[in-house]
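The next block holds one structure in the form of C-alpha cells; read it before the comments.
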Amino acid sequence: MTLRSLRPLQRVVRRPALVVACAFATAAAAVLVAGCSSARRGEPLVSAPQLSPDQQRGQIVFSQRCYQCHPNGATGIGPALNNKPLPAALVKTQVRKGLGSMPAFDQQHISDDDLNALASYVAVLRKS
Ligand code: HEC
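Here our numbering is used: the first residue of the sequence shown is 2, the next is one more, and so on.
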C-alpha cells in the first residue's frame, strides 16, 4: 500500500470532532433502539411456567398492591424483599398491620386467600 492511498484515511482521522460526533450519534441510536425494543417489556415479573397457580395468583396481587413500592421485590420506596428470608407469617403481618410508611391492607383489599398466595409469591422473589 502506498502512502498516497492512505491519505484519504488520514484526512478523516484528522477531524476528531467529526469522529466523536459520529460515535456519539451511533451510541445515541443504539440506546434509542435498545430502549424501544426492551426484551423485558411485557414479560411477567417471573416467567409463568416456574410459578404454581397459587404463586401466579400472588404475583397478580403483588403487581396490584406491592409492586409500586417493592418493584420486582427490589428496593423502591420500600426496602428490598428479595435479599432476605421473609417467612410467610412476617409478610402477612406486615401486610395486615403495615409499618412506618407502608400502608396496612385489610381483608377488603387483600383477602386471606390472596394473602397466602402473596406470601408464597414473595418467597419466590428471593435472589440471595
Ligand atoms: C406505599 C408503599 C408500599 C406499599 C404499597 C407496600 N409496601 Fe411494603 N414496605 C414499604 C416500606 C416503606 C417498608 C419499610 C417499613 C418500615 O420498616 O418502616 C416496607 C416493608 C415491607 C416488608 C418488610 C421488609 C423487611 O425488610 O423487613 C415486607 C415483607 C413488605 N413491605 C411487603 C409488602 C407487600 C407484600 C406489599 C403488598 C401488599 C407491600 N409491602 C406494599 C412500603 C410499601
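Using N, Cα and C, we set each Cβ at its ideal position, and we do this for glycine too.
Near the ligand HEC: residue i beta-carbon under 7 Å from a heavy atom
| i | result |
| --- | --- |
| P80 | yes |
| S64 | no |
| V96 | yes |
| L126 | no |
| P88 | no |
| I111 | yes |
| G101 | yes |
| Q69 | yes |
| L119 | yes |
| L52 | no |
| P104 | yes |
Residue j beta carbon less than 8 Å from that of residue i
| i | j | result |
| --- | --- | --- |
| V62 | V92 | no |
| N83 | A75 | yes |
| Q56 | V125 | yes |
Cβ distance (whole Å) where residue i is taken to contact residue j below 8 Å
| i | j | result |
| --- | --- | --- |
| G59 | S121 | 6 Å |
| L100 | I111 | Not really, about 16 Å apart at Cβ, beyond 8 Å. |
Which listed residue (the options) has its alpha carbon closest to that of residue i
| i | options | result |
| --- | --- | --- |
| S102 | I111, C67 and L116 | C67 |
| A105 | D113, D114 and Q95 | Q95 |
| D107 | A81, R97, P88 and K85 | R97 |
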